[in-house]
Amino acid sequence: MKKKLGPVSIVYILLFLFILYAPIVLMVVYSFNNSELDMGWSGFTWKWYQELLSANDVKTAAINTLIVSGASTFLSIMLGAFAAIGFHKHDFRGKDLLDSFFYIPTIVPAMLLGVSLLSLYDILHIPLSKITIIISHVTFCMPVCFNNIRVALKGFDRSIEEAAQDLGCNQLQVIGKVLLPNLVPAMLSGGLLAFTFSLEDVLTTFFVAGPKDVTLSMYIFGQMKAGMKPTLNALSTLLIIVTVSLGVIMQLLQNRSVANSK
Amino acid sequence: MEKKKANKMIELISVTKKFGEMNAVNHINLTVYEGEFLTFLGPSGCGKTTTLRMIAGFEDPSDGKIFIDGKDCDNVPPNLRDVNTVFQNYALFPHLSIRDNIAFGLKLKKLPKEEIDKKVDKMVKLIKLEEHINKKPSQLSGGQKQRVAIARSLVNEPKVLLLDEPLGALDLKLRKEMQIELKHLQRELGITFVYVTHDQEEALTISDRIVIMNKGNIEQLGTATEIYDTPRTKFAANFIGETNLISGWIMEQDDQRTLINVHNSIMEAFEVEKKYNVRDKVCICVRPENMHFVDYLPDYSEERYNTITAIYDEQIYIGNLRRHILHTPEGEEIKITRYARKDENYNRGDYVKICWSKKRCILVND
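Chain order of the listed sequences is R and Y. Heads up, the first sequence is in the working numbering, so the first residue is 13 and it goes up one at a time. Heads up, the second sequence is in the working numbering, so the first residue is 55 and it goes up one at a time.
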């Protein structure tokens with residue numbers, strides 16, 4: 013028997029949600045506000061969005077973000093999938109140790125990761141560029157993909173691979189014709205998560221980006237120094253729309269892959 | 055002993071599989087003939103599935119040789135062996151439709167599309183799943199999935215079909231139907247089936263020959279009737295059907311008869327093939343339907359029947375049969391199966407004379 017919620021609980025939950033979401037809602041609302049100042053509503057407008065889309069530095073930042081996040085997501089999925097399949101198919105010494113090493117970049121504070129990567133590039137004399145950002149993003153995005161695919165493989169019936177072999181597949185064909193197609197949902201959902209991680213990262217990127225390689229999140233961060241502009245509200249609103257829809261798609265994909273494996 | 059003149063399809067020569075220190079399969083020798091339905095029967099952990107997996111190529115023997123259709127299978131991977139396997143949990147490809155599942159093997163062989171379609175259609179018709187051909191495996195019931203798994207293997211026209219407890223996950227009624235379907239399918243196609251099960255009834259229903267395995271060894275190989283009528287070991291006697299085992303030791307043996315001391319009374323057995331030494335410990339194996347009450351055996355005579363006294367426990371009705379449970383003074387359980395009549399009237403604790411024919415006496419090593 014489930015009890016109905018009492019009035020105290022309802023008030024608590026509403027308050028909880030209000031504190032959680034009010035700033036976001038406020039920001040979205042203000043992105044349509046006709047006033048330059050963040051005080052009071054003075055009518056609806058699209059002008060901040062128009063200004064945003066016509067600003068050249070925003071466009072460059074958006075393109076940079078797409079390149080960096082796209083490339084690091086793609087690399088993360090590939091490396092994660094290969095690593096997960098390797099872990100699935102082979103037993104070797106130090107497997108558990110390696111497993112835990114994969115997760116360290118995700119729990120190390122982003123600033124420390126940035127500092128350490130910067131000194132690494134410095135020691136190796138690698139000039140800072142988009143490539144260094146991509147490498148840095150892969151370090152903390154890959155474990156996300158790896159983990160997602162690993163979980164999907166754990167639930168995958170070994171005898172399905174044996175059946176493929178039995179019906180004429182060699183080892184490579186087993187991976188290509190049976191494993192990978194069944195891992196697509198896990199790869200995509202892991203990839204989407206990795207994409208949002210890469211999209212929102214400021215701290216690590218801040219350390220390893222070249223002078224021209226401003227990403228969207230860095231752009232927002234930079235603009236903040238000059239005070240809160242309504243265009244930033246508009247930009248953040250767009251980013252929220254992108255990340256939330258990615259999150260929804262990911263959830264749908266995961267549900268589908270669970271339903272499929274049953 | 056083999057009546058058929060069929061070709062040898064699979065030959066196992068002293069095949070052993072070690073997992074660590076344990077011998078999962080222990081130097082077994084076995085020949086499977088073309089077109090026969092052979093069943094490995096045994097309790098879990100007896101090595102039957104391991105043996106099947108070695109024939110399929112999923113496990114390498116630690117020792118010994120496997121020949122399939124005369125070819126040495128040493129280091130031949132599963133994809134290059136002319137056998138196909140049906141797995142207990144179906145192992146259908148979840149991302150492919152039923153049609154693509156069945157066509158999987160043929161597509162790998164790069165057959166022309168028309169030929170693949172023709173073969174798949176024929177197979178789908180055979181397993182009566184025409185209307186489900188475009189569905190995904192997750193939309194089918196257990197029985198339908200298993201049919202697809204069987205079709206997916208058979209469509210490749212393998213020399214041997216290996217089936218690893220394929221009906222284990224189905225409910226009893228469906229299992230019985232599928233057993234008969236499988237038997238018909240095998241007869242129709244003439245493909246050699248090697249089947250693994252722990253269900254003795256299933257083994258008796260579908261097999262031409264049964265291999266009884268225990269602890270990695272073959273206990274007995276033969277037709278259902280051979281094993282039922284003349285079990286070679288205590289394990290085989292117990293595993294196929296029910297049986298009474300009365301233990302004793304050999305007192306004397308000549309060409310005609312064998313004398314066995316059972317708790318200091320002397321039992322006789324005629325025409326025992328195996329030679330024993332005096333004091334060898336044996337069990338007399340009598341099937342419950344061959345054990346009689348002296349009181350209800352019209353042609354009873356002491357010359358023709360071994361007689362002992364047992365203590366009556368209870369009776370159980372099983373359809374038109376009635377099973378009587380007794381025990382010997384030494385505590386061995388005795389079961390007697392008779393057509394249900396009203397005339398036996400024993401009470402718990404009654405001392406009852408029971409007997410079995412000296413001719414139908416089967417001895418197994420204790």
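For glycine and all other residues, C-beta sits at the position ideal for the given N, C-alpha and C.
Check the Cβ of residue i against every Cβ in chain R and list those closer than 9 Å, keeping chain order.
i: residue 147 of chain Y; result: 172, 175, 176, 189, 190, 193 and 194
Could you check if residue i is buried or exposed, using at least 16 other CB atoms within 10 Å of its CB as the buried criterion?
i: residue 173 of chain Y; result: buried
i: residue 279 of chain Y; result: exposed
i: residue 58 of chain R; result: exposed
i: residue 81 of chain R; result: buried
i: residue 150 of chain R; result: buried
i: residue 363 of chain Y; result: exposed
i: residue 22 of chain R; result: exposed
i: residue 274 of chain R; result: The predicted model places residue 274 of chain R with a pLDDT of 47, which falls under 50 and marks its position as unreliable; any figure quoted below should be read in that light. With fewer than 16 Cβ atoms within 10 Å of its Cβ, residue 274 of chain R is classed as exposed.
i: residue 62 of chain R; result: exposed
i: residue 199 of chain Y; result: buried
i: residue 102 of chain R; result: exposed
i: residue 57 of chain Y; result: Annotation note: pLDDT 48 at residue 57 of chain Y (below 50); position unreliable, no value reported.
i: residue 250 of chain Y; result: buried
i: residue 114 of chain Y; result: exposed
i: residue 134 of chain R; result: exposed
i: residue 148 of chain Y; result: buried
i: residue 148 of chain R; result: buried
i: residue 24 of chain R; result: exposed
i: residue 255 of chain Y; result: exposed
i: residue 193 of chain R; result: exposed
For the candidate residues the options, whose alpha-carbon lies nearest to that of residue i?
i: residue 385 of chain Y; options: Y:121, Y:110 and Y:300; result: Y:300
i: residue 290 of chain Y; options: Y:304, Y:307, Y:310 and Y:269; result: Y:269
i: residue 89 of chain R; options: R:128, R:240, R:178 and R:162; result: R:162
i: residue 282 of chain Y; options: Y:257, Y:306, Y:302 and Y:271; result: Y:257
i: residue 65 of chain Y; options: Y:140, Y:197, Y:131 and Y:214; result: Y:214
i: residue 204 of chain R; options: R:167, R:165, R:154 and R:189; result: R:154
i: residue 99 of chain Y; options: Y:236, Y:252, Y:171 and Y:178; result: Y:252
i: residue 53 of chain Y; options: Y:229, Y:230 and Y:261; result: Absent from the model: residue 53 of chain Y. The displayed extent of chain Y is 55 to 420, so no value can be given.
i: residue 414 of chain Y; options: Y:324, Y:353, Y:371 and Y:334; result: Y:324
i: residue 376 of chain Y; options: Y:72, Y:287, Y:86 and Y:398; result: Y:398
i: residue 111 of chain Y; options: R:214, R:166, R:266 and R:175; result: R:175
i: residue 272 of chain Y; options: Y:67, Y:177, Y:60 and Y:61; result: Y:67
i: residue 298 of chain Y; options: Y:157, Y:418 and Y:83; result: Y:418
i: residue 97 of chain R; options: R:227, R:173 and R:235; result: R:173
i: residue 332 of chain Y; options: Y:313, Y:343, Y:348 and Y:320; result: Y:313
i: residue 70 of chain Y; options: Y:412, Y:420, Y:102 and Y:185; result: Y:102
i: residue 160 of chain R; options: R:60, R:195 and R:248; result: R:195
i: residue 122 of chain R; options: R:152, R:104 and R:94; result: R:152
i: residue 230 of chain R; options: R:33, R:215 and R:243; result: R:215
i: residue 371 of chain Y; options: Y:404, Y:389 and Y:383; result: Y:389
i: residue 268 of chain R; options: Y:158, Y:188, Y:192 and Y:77; result: Y:192
Strictly below 7 Å CB to CB, what residues from chain R border residue i?
i: residue 110 of chain Y; result: 178
i: residue 158 of chain Y; result: 179
Have a look at the DSSP bridge pairing and note the partners of residue i.
i: residue 323 of chain Y; result: Y:312
i: residue 138 of chain Y; result: Y:215
i: residue 126 of chain Y; result: Y:121
i: residue 73 of chain Y; result: Y:76
i: residue 246 of chain Y; result: Y:214
i: residue 149 of chain R; result: Looking at the DSSP assignment, residue 149 of chain R forms no beta bridge with any residue, so it has no partner.
i: residue 306 of chain Y; result: Y:313
i: residue 375 of chain Y; result: Y:372 and Y:393
i: residue 380 of chain Y; result: Y:366 and Y:388
i: residue 268 of chain Y; result: Y:271
i: residue 418 of chain Y; result: Y:337
i: residue 301 of chain Y; result: Y:337
i: residue 411 of chain Y; result: Y:359
i: residue 82 of chain Y; result: Y:69
By the criterion of Cβ-Cβ separation under 8 Å, what are the contact partners of residue i in chain Y?
i: residue 181 of chain R; result: 133 and 162
Counting only Cβ pairs nearer than 7 Å, list the residues of chain Y close to residue i.
i: residue 169 of chain R; result: 143 and 145
List the residues of chain R that residue i touches, going by C-beta distances under 8 Å, in chain order.
i: residue 139 of chain Y; result: 174, 175 and 178
Please check if any C-beta of chain A sits within less than 8 Å of the C-beta of residue i.
i: residue 77 of chain Y; result: No chain A is part of this structure, whose protein chains are labelled R and Y.
Q: Below 8 Å between beta carbons is the criterion; list the residues of the segment 205-221 of chain Y that meet it against any residue of chain R, in chain order.
A: 206, 207 and 210
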